[in-house]
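In UniProt numbering, the protein residues as written are 1 to 746.
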C-alpha cells in the first residue's frame, strides 16, 4: 500500500496555497461585483454580442438607447438596426475590427419604433472568451447642434461674402481679423494683404481722433456709429459710414462699412452747380433720381420723395431695383435696352415701401450728370386707373348688352347694323357676322316691311317709335315681336330693342277666353234654373197624356221624351259651367277611371266599328282629382273620337308619367282631322265642328281640366287624325280662390 501522507513542510505549503486561492477568489468576486455595478450603472449603453451578432447581455442604458425592454432586446441581431448604414461601410468596419481587435466609429441606428439615432461606439472583439463587447453613446443631440452650428456659420459666411457693404472683423487694437470681398474692393487690396494690416494704417490724419473716440464708445456701449475716411495705398480717399458692434464674433468687433465715397463726391460736385441746377431740380413737379451704374440712388428731388413715399434721407440710401421686380421679363428688358441704347422711355409698375403700387412713366438717360444716370418719373397711376375703369365700364356694358333678355341692335347711317346681341340674332335667325354692316330692312319679313318703313318714319319725326310685327318661327308657326326704336342715343348711333311677346299675347287671349267662360257660366246658372221648372211640368204632363190617351201615339211620345232628355243633358252641361261648389278632390287611380270610362263607352264604340286600344305605363302614381268629372271629360273626348270615324277605326289611349311631376293622358283618333285655324277655337263657348253640336262638351271639358290645374293640348293633321293630350299634376297646389269657392283636397 502506497504512502499518501504529506510531510509537514508540504502540508504547510498546501495550507498557504489554499489561503492564497481563497484570497484571490474573494478579490475576484469583489472585482466582478464592481464590474457588475459599473455595467448596470454606466450612462453609456454596454452590449455583449455572441459570434452571430446577437444581443447576449445589455445594461439599462442600452435598453434606453434602443427603447426596448431587456427581454425583448436579448436574442435580437444587431444588423436589424443598421438598415440606414451602407453595406460597404459595414464591411469596412468589420474588417477593421478583425484586423486590430478593437474599433471605434459612428453609426446610424433605425429603432424598431422608427426613430433614427446617431451613435458613437467602441467595440472590442473577444472581450469575454468568444463574446464581443460594444460600448455605445447617443450623440444625436450633439450632431444636431453641430449641424445647426455649421448652418449658422455657413449662413454668416454667405452673408459676409455676399454683402454689398464692407464687413470687417477686428480686435481691440484695430487689427484686421477678417474682411469681406466688398471691403477688399473698396480698398483695392487682396484679402491676404489686408489681414496683416490694421485700421490705423489707413485712417486719414484728420480722422484719427474720431477713430479713438469710436473705439472708446464701442467698449463702453457695445455699439458705435460714425463716418470714417480711409486713405488707400494709391493715395485716393474712401469715405465710409460705419456701424460697429462688439463681441459678435469670437469676442472680436465687427464693423459694417458702407462706401459713400461716390455719394460724398457727388455732393461736392453738385454743390458747384447747385445755383444752376437746384431750382429746377427742387421745384420740378416730376420725380427726378440720379443713380450710378449699380442702381444706387445718389440724389432725389422732393417730388421723388412724394412719389416713392420715402423721406429723402432714406430714399438716397435705396437702390432703384428695390422698387421693381427684377424677375419680371419687362423690367429686365427695359434695363437691358437702357444699357444698349443709353436712353429709354417706358412705363413700369413700381412697388412703394408702404405697400402701394404705382404706375410710373419714365425717361432714363445715361451719364447725364458727371457720368451718373438721370431718370425723370411721372405718376400715371390715376390716368391708368381711369383708363381701366373705362375699360371695365365698357366690359360691363358689353356684358349687359350680350346677356340682355331682349334683343338689342345698334344702327348707324342708313339703318346699317353696327352691333347686335345674341337675342336679336335669334329673332332675325341669322349669325352676328351676317348681320353686321347690313341694312336692318333686309332682315324684316316681306309682309312687314311696309309697317317697318312707317316705324322708321315715325322715329325720324319724333325720335322714338313702337310697333308689333309678325316674324316666322319654324315652318308654320309665327312669333310676335315688339319693336322699340330710339334715334341717336349717342351721336350717329340709334338703338332698336326687340322683345318676343308671343307668350304674352297668348296669355292675353287666354284671359279673354277665361272672362268669356265666366260670363257664360253666370248665364248658365240662371238659364238652367229658368228652363228646368217648365221642363219638369212638361215631363209630368207628357207622362199623364201618355197614360190617358188610348190611341197608339207611342212613337210621338218617345220622340218628345228623347228630345226632353237631350234638353236636360244640355242644361246639365250648362250647370257645370257655373262656379263649382264643394268639389272634393281625392287621390284616385287615373288608369282605373279611364278603364271604367272605356267599359262604359265600349258598346257604343263597337256599334260604330271602333276599337279602343289602351296602353298604360306601369306604376302610374295616384293623382288628386274628382273621378266623375274626369270620367265626364274622357267620355266627351272619346264620344267625339267615335263620331268622327263613321267608317270605324282605332282609338289609342295612352297614359304615362312625364317630367315636372305630371301625368299625360293622350287620346288619338283616325278621323278627318281639324284645320290649324280651328284648333285655337276649341273650348270656346258654343264653338263646334259638328252639325248638331253645341260646343258645350269640349267647353265643359276644358273647364274641368283647368279646375284640376291641368291643360289640354291638341295635335291634328287633316286626313290623318287628332290627338288630345291631357296633362294633370300629381300633387295639387292649393289656391286662395279655390279655398274661397269651397274646394277641399282630401
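Every residue gets a Cβ at the ideal spot worked out from N, C-alpha and C, and that includes glycine.
Environment of residue i [buried if 16+ CB atoms lie within 10 Å]
{"i": "residue 743", "result": "Residue confidence is low: residue 743 scores 36 on pLDDT, short of 50, so the model does not pin down where it sits. Its coordinate-derived value is still stated next. It is buried - the Cβ of residue 743 has at least 16 other Cβ atoms within 10 Å."}
{"i": "residue 726", "result": "buried"}
{"i": "residue 632", "result": "buried"}
{"i": "residue 440", "result": "buried"}
{"i": "residue 258", "result": "buried"}
{"i": "residue 390", "result": "exposed"}
{"i": "residue 614", "result": "exposed"}
{"i": "residue 720", "result": "exposed"}
{"i": "residue 668", "result": "buried"}
{"i": "residue 708", "result": "buried"}
{"i": "residue 556", "result": "exposed"}
{"i": "residue 405", "result": "exposed"}
{"i": "residue 8", "result": "exposed"}
{"i": "residue 671", "result": "buried"}
{"i": "residue 701", "result": "buried"}
{"i": "residue 236", "result": "exposed"}
{"i": "residue 344", "result": "buried"}
{"i": "residue 629", "result": "buried"}
Inter-residue Cα distance where the pair is residue i and residue j
{"i": "residue 718", "j": "residue 651", "result": "16 Å"}
{"i": "residue 385", "j": "residue 209", "result": "57 Å"}
{"i": "residue 378", "j": "residue 361", "result": "5 Å"}
{"i": "residue 678", "j": "residue 434", "result": "38 Å"}
{"i": "residue 604", "j": "residue 453", "result": "60 Å"}
{"i": "residue 449", "j": "residue 425", "result": "18 Å"}
{"i": "residue 432", "j": "residue 358", "result": "41 Å"}
{"i": "residue 749", "j": "residue 187", "result": "Outside the modelled stretch of the chain, which goes from 1 to 746, sits residue 749, for which no answer is possible."}
{"i": "residue 319", "j": "residue 295", "result": "5 Å"}
{"i": "residue 647", "j": "residue 673", "result": "14 Å"}
{"i": "residue 74", "j": "residue 101", "result": "24 Å"}
{"i": "residue 748", "j": "residue 364", "result": "For residue 748 there is no data in the structure shown, the boundaries of the chain being 1 and 746."}
{"i": "residue 59", "j": "residue 146", "result": "28 Å"}
{"i": "residue 729", "j": "residue 507", "result": "20 Å"}
{"i": "residue 239", "j": "residue 157", "result": "25 Å"}
{"i": "residue 658", "j": "residue 456", "result": "47 Å"}
{"i": "residue 43", "j": "residue 61", "result": "6 Å"}
{"i": "residue 495", "j": "residue 419", "result": "10 Å"}
{"i": "residue 611", "j": "residue 705", "result": "25 Å"}
{"i": "residue 653", "j": "residue 635", "result": "12 Å"}
{"i": "residue 498", "j": "residue 409", "result": "8 Å"}
Residue i in three-state terms, based on DSSP
{"i": "residue 500", "result": "strand"}
{"i": "residue 581", "result": "With a pLDDT of 48 at residue 581, under the threshold of 50, the modelled position of this residue cannot be trusted, and the question is left open."}
{"i": "residue 396", "result": "helix"}
{"i": "residue 404", "result": "coil"}
{"i": "residue 486", "result": "strand"}
{"i": "residue 163", "result": "coil"}
{"i": "residue 546", "result": "helix"}
{"i": "residue 669", "result": "coil"}
{"i": "residue 316", "result": "coil"}
{"i": "residue 366", "result": "strand"}
{"i": "residue 1", "result": "Reliability of the predicted coordinates at residue 1 is poor, the pLDDT of 43 falling under 50, and the value obtained from them is presented with this limitation in mind. It is coil, neither helix nor strand."}
{"i": "residue 9", "result": "helix"}
{"i": "residue 260", "result": "coil"}
{"i": "residue 724", "result": "strand"}
{"i": "residue 794", "result": "This structure leaves residue 794 out entirely; the chain is present only between 1 and 746."}
{"i": "residue 495", "result": "strand"}
{"i": "residue 627", "result": "helix"}
{"i": "residue 709", "result": "coil"}
{"i": "residue 558", "result": "helix"}
{"i": "residue 640", "result": "helix"}
{"i": "residue 196", "result": "coil"}
{"i": "residue 16", "result": "helix"}
{"i": "residue 38", "result": "helix"}
{"i": "residue 43", "result": "coil"}
{"i": "residue 171", "result": "coil"}
Any non-hydrogen atom of the ligand ADP within 8 Å of residue i CB
{"i": "residue 538", "result": "The ligand ADP is not part of this structure, which contains no ligands at all."}
>> Going residue by residue through the segment 82 to 112, where are the continuous beta strand (DSSP E) segments of at least 3 residues, counting only ones entirely within it?
In response: Entirely contained in the segment 82 to 112, the beta strand (DSSP E) runs reaching 3 residues are, in chain order, 102 to 110.
>> What ranges does the beta strand (DSSP E) occupy inside the segment 225 to 257, keeping only unbroken runs of at least 3 residues that lie completely in it?
In response: Listed in chain order, they are 237 to 249.
> What runs of the beta strand (DSSP E), each 3 residues or longer, lie entirely inside the segment 317 to 390?
Replying inline: Counting whole runs of 3 or more residues, the segment 317 to 390 contains the beta strand (DSSP E) stretches 343 to 351, 357 to 369 and 372 to 379.
> Fully enclosed by the segment 409 to 470, which alpha helix (DSSP H) runs are 4 residues long or longer?
Replying inline: You should have 422 to 428, 432 to 435 and 449 to 462.
> Three or more beta-carbon pairs under 8 Å between the segment 303 to 312 and the segment 262 to 269, yes or no?
Replying inline: The segment 262 to 269 and the segment 303 to 312 do not touch, with fewer than three beta-carbon pairs separated by less than 8 Å.
> With contact counted as at least three CB pairs below 8 Å, one residue from each stretch, are the segment 103 to 110 and the segment 82 to 90 in contact?
Replying inline: Taking 8 Å as the limit for Cβ pairs, the verdict is that the segment 82 to 90 does touch the segment 103 to 110.
>> I'd like to know if the segment 39 to 53 and the segment 119 to 137 are in contact, where contact means that at least 3 CB-CB pairs between them fall below 8 Å.
In response: These segments touch.
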